[in-house]
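Colleague: Residue numbering for the sequence shown follows the numbering used here, starting at 460 and increasing by one per position.
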Amino acid sequence: MRNIEKVLLHRKSKKIFLVKDLRDNFHTPFGTVSKVDLQNSQDMIKSDKGELFTILEPSFSDIYPHLQRGPQIMIQKDIGLILAKTGVNHNSRVVDAGGGSGSLCLSLANVCKEVFVYEINPEHYDVVQKNIKLLGLTNVTLKQENVYKGITEKDVDLVTFDLPEPWLALEHTEKALKTGGWLVVYLPNLHQVKEFLDATKKTKIHVLETIELLERKWKIEDKIMRPEFEMLGHTGFLTFARKL
Ligand SMILES: C[S@@+](CC[C@H](N)C(=O)[O-])C[C@H]1O[C@@H](n2cnc3c(N)ncnc32)[C@H](O)[C@@H]1O
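#1: Under 8 angstroms: does the beta carbon of Gly609 sit that close to some heavy atom of ligand 1?
#2: In chain order, what residues of the same chain lie with their CB nearer than 7 angstroms to the CB of Val448, ignoring the 5 residues before and after it?
#3: How do the segment 479-486 and the segment 494-513 stand: do at least 3 beta-carbon pairs fall below 8 angstroms, yes or no?
#4: Please identify the residue among Ser551, Thr545, Phe575 and Arg685 whose C-alpha is closest to the C-alpha of Gly557.
#5: How many angstroms separate the CA atom of Ile670 from the CA atom of Glu510?
#6: Report the rounded CA-to-CA distance for Lys653 versus Asp621, giving the unit in angstroms.
#7: Heavy atom of ligand 1 less than 8 angstroms from the Cβ of Pro524, yes or no?
#8: At a threshold of 8 angstroms, does His583 count as lining ligand 1 (C-beta to nearest heavy atom)?
#9: Ligand 1 heavy atoms versus the CB of Ser560: any closer than 8 angstroms?
#10: Leaving out five residues on either side along the sequence, give the residues of the same chain with a beta carbon under 7 angstroms from the beta carbon of Gln588.
#11: Per DSSP, Ile514 is paired with what?
#12: Thinking C-alpha only, which one of Ser560, Leu672 and Lys663 is nearest His631?
#13: Closer than 7 angstroms by C-beta to Ser551: which residues in its own chain qualify, once you throw out the five before and the five after it? Chain order, please.
#14: Measure the alpha-carbon distance for Leu467 versus Lys508 and round it to whole angstroms.
#15: For Glu689, count neighbouring C-beta atoms within 10 Å of its own C-beta (all shown protein chains included) and say buried if the count is 16 or more, exposed if not.
#16: Can you tell me which of the three DSSP states Asp537 falls into?
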């Protein structure tokens, strides 16, 4: 069960607030929302400072920015491409390693049937576990295990690796994937990509493409219409492969 009862969206700032308990008054920098209003209001609510909030049902995209952070997460621009290219859906079974902070594996769990997550570090394991609970996901199996030592799952549609030496798990990936299944590897450095490509040569894993995505926001205000000076540049190389 999701442990967020409601989401409040402050209309002026567009800031999101997660309400965990409707039996308490809820405090925000824009004033306090009373528990009576929280329990009885439908679409809109006003704080004691007269600030307006829209009331929303909790959704993945509203809770996602509030997930606890441990190690460096995979950014949504890269996650989006994985979802689009592999076409995973409500029937898909997926293996992800390492879990890290859960940004990738929980985004996968939001659309897939089942996600099996390998995370070797106990502290990161705890972060993912807390984030699973916050989102109320019930289709994630989290394992505190070294994925280089093996993958138990069989017939999976997608394996994703965001860890330093994915080639050490290639043999296990071959056994875990169904024919036609996808392997997506996310690596920050090109020499790692090369090592991965070389390692696939004697396997059933066929590499299709390696992609780097850049994201640039624009500033659009009155007479200003230009790209932002700063942008999300290099995060990592995404290599897409299939078992054939
Ligand atoms: C960069 S983080 C992954 C971030 C994650 N994709 C996300 O979106 O939040 C890399 C993670 O891989 C884990 N890891 C490294 N080697 C591993 C292994 N052999 N088996 C399982 N997890 C491993 C690390 O502990 C770390 O948490």
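Where a beta carbon is used, it is the ideal one built from N, C-alpha and C, also for glycine.
Modeller: In terms of the structure at hand:
#1: Gly609 has its Cβ no nearer than 8 angstroms to any heavy atom of ligand 1.
#2: Here the chain comprises residues numbered 460 to 703, so residue 448 is not present and cannot be evaluated.
#3: Touching, per the Cβ criterion.
#4: Out of Ser551, Thr545, Phe575 and Arg685, Phe575 has the C-alpha closest to the C-alpha of Gly557.
#5: One alpha carbon belongs to Ile670, the other to Glu510, and they sit about 45 angstroms apart.
#6: If you take the alpha carbons of Lys653 and Asp621, they lie about 15 angstroms apart.
#7: Checking the Cβ of Pro524 against ligand 1 gives no.
#8: Remark: the shortest separation between the CB of His583 and any heavy atom of ligand 1 falls under 8 angstroms.
#9: Correct: Ser560 has its Cβ closer than 8 angstroms to ligand 1.
#10: Answer for Gln588: Leu601, listed in chain order.
#11: Under DSSP, Ile514 takes part in a beta bridge, and its partners are Leu467.
#12: Checked all of Ser560, Leu672 and Lys663; the closest Cα to His631 is Lys663.
#13: The answer, listed in chain order, is Cys571, Lys572, Asp616 and Leu617.
#14: In a straight line, the C-alpha of Leu467 is about 15 angstroms away from that of Lys508.
#15: When all chains shown are included, Glu689 counts as exposed.
#16: Correct three-state label for Asp537: helix.
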